[in-house]
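J.: One structure follows; several queries about it will come next.
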Amino acid sequence: MQRNAATRACWRQYEPHRARVTDLLRDETGRGAERLCVLGAGNCNDLDLSQLAAVYRQIHLVDLDGDALRRGVERQQMTGFTGIRLHAGVDVTGMGSYLARCATRQPPPADVEQAIQDARAATVPLPDGPFDCVASVGLLTQLID
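In terms of the numbering used here, the numbers along the sequence shown are unbroken and rise by one, the last being 148.
Below, the structure written as structure tokens:
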């Protein structure tokens with residue numbers, strides 16, 4: 004969520020990256036993809052939603068930060084597009100609470116291996132799956148942070 008706050012006003016700086024990511028995702032529709040799921044969508048700086056909406060029947064945007072998702076969709080004036088579905092508050096890693104404890108220097112669970120096994124066993128609460136195309140546009144950056 005810190006990165007979403009820090010990059011909220013960076014729409015213009017993301018333009019070359021957004022164009023490349025959008026082109027890659029548009030290419031998937033040539034393979035029959037109709038339903039796109041974007042993990043770590045945040046402020047949607049990585050996505051041109053109007054271009055994607057022209058080729059995907061549904062676009063599912065997933066992020067822990069629901070406010071960032073809503074702002075990103077509003078910025079692109081796509082709030083009226085019924086094919087966009089927001090999935091806020093979703094921890095796709097299953098490690099959110101463990102990582103939060105590490106980040107605040109609180110003692111993490113003693114058994115790191117058990118925490119990893121628990122995360123692997125966790126199911127991500129995304130309705131409407133499976134999807135034809137799934138992309139992670141900001142998840143890796145969040146994990147690195």
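Yeah, the Cβ is synthetic: ideal placement off N, Cα and C, and Gly gets one too.
For a quick check, are the C-beta atoms of Tyr59 and Arg88 less than 9 Å apart?
T.: The answer is no: Cβ separation not under 9 Å.
J.: Pull up the distance between the alpha-carbon of Ala2 and that of Glu116, whole angstroms please.
T.: Here the chain comprises residues numbered 4 to 148, so residue 2 is not present and cannot be evaluated.
J.: Distance, Cα to Cα, Gln120 vs Thr96?
T.: Distance between the alpha carbons of Gln120 and Thr96: 11 Å.
J.: In whole angstroms, give me the CA-to-CA distance for Ala91 and Glu18.
T.: Rounded to the nearest angstrom, the two C-alpha atoms are 24 Å apart.
J.: I need the straight-line Cα distance from Leu143 to Gly83, nearest angstrom please.
T.: Because Leu143 carries a pLDDT of 48, less than 50, the predicted location of this residue cannot be relied on, and no value is offered for it.
J.: For Gln54, does the three-state DSSP call read helix, strand or coil?
T.: Of the three classes helix, strand and coil, the one that applies to Gln54 here is helix, per DSSP.
J.: For the beta strand (DSSP E) that Val41 lies in, which residues bound it at each end?
T.: Unbroken beta strand (DSSP E) run through Val41: 38-42.
J.: Count the other C-beta atoms from every protein chain shown that fall within 10 angstroms of the C-beta of Leu27, then say buried if there are 16 or more, exposed otherwise.
T.: Looking at its Cβ environment, which holds fewer than 16 other Cβ atoms inside 10 Å, Leu27 is exposed.
J.: Distance, Cα to Cα, Cys40 vs Ala118?
T.: Spanning the two alpha carbons is a distance of roughly 26 Å.
J.: Could you tell me if Gly35 is buried or exposed, where buried requires 16 or more neighbouring beta carbons within 10 angstroms of its beta carbon?
T.: It is exposed - the Cβ of Gly35 has fewer than 16 other Cβ atoms within 10 Å.
J.: Hey, out of Pro133, Glu77, Leu72, whose CA is closest to Gly43's CA?
T.: When each option's Cα is compared against that of Gly43, the closest is Leu72.
J.: Under DSSP, the alpha helix (DSSP H) around Leu28 begins and ends at which residues?
T.: Here the alpha helix (DSSP H) through Leu28 covers 18-30.
J.: Within 10 angstroms of its Cβ, does Gln80 collect 16 or more other Cβ (buried), or is it exposed?
T.: By the neighbour-count rule (16 or more Cβ atoms within 10 Å), Gln80 is not buried but exposed.
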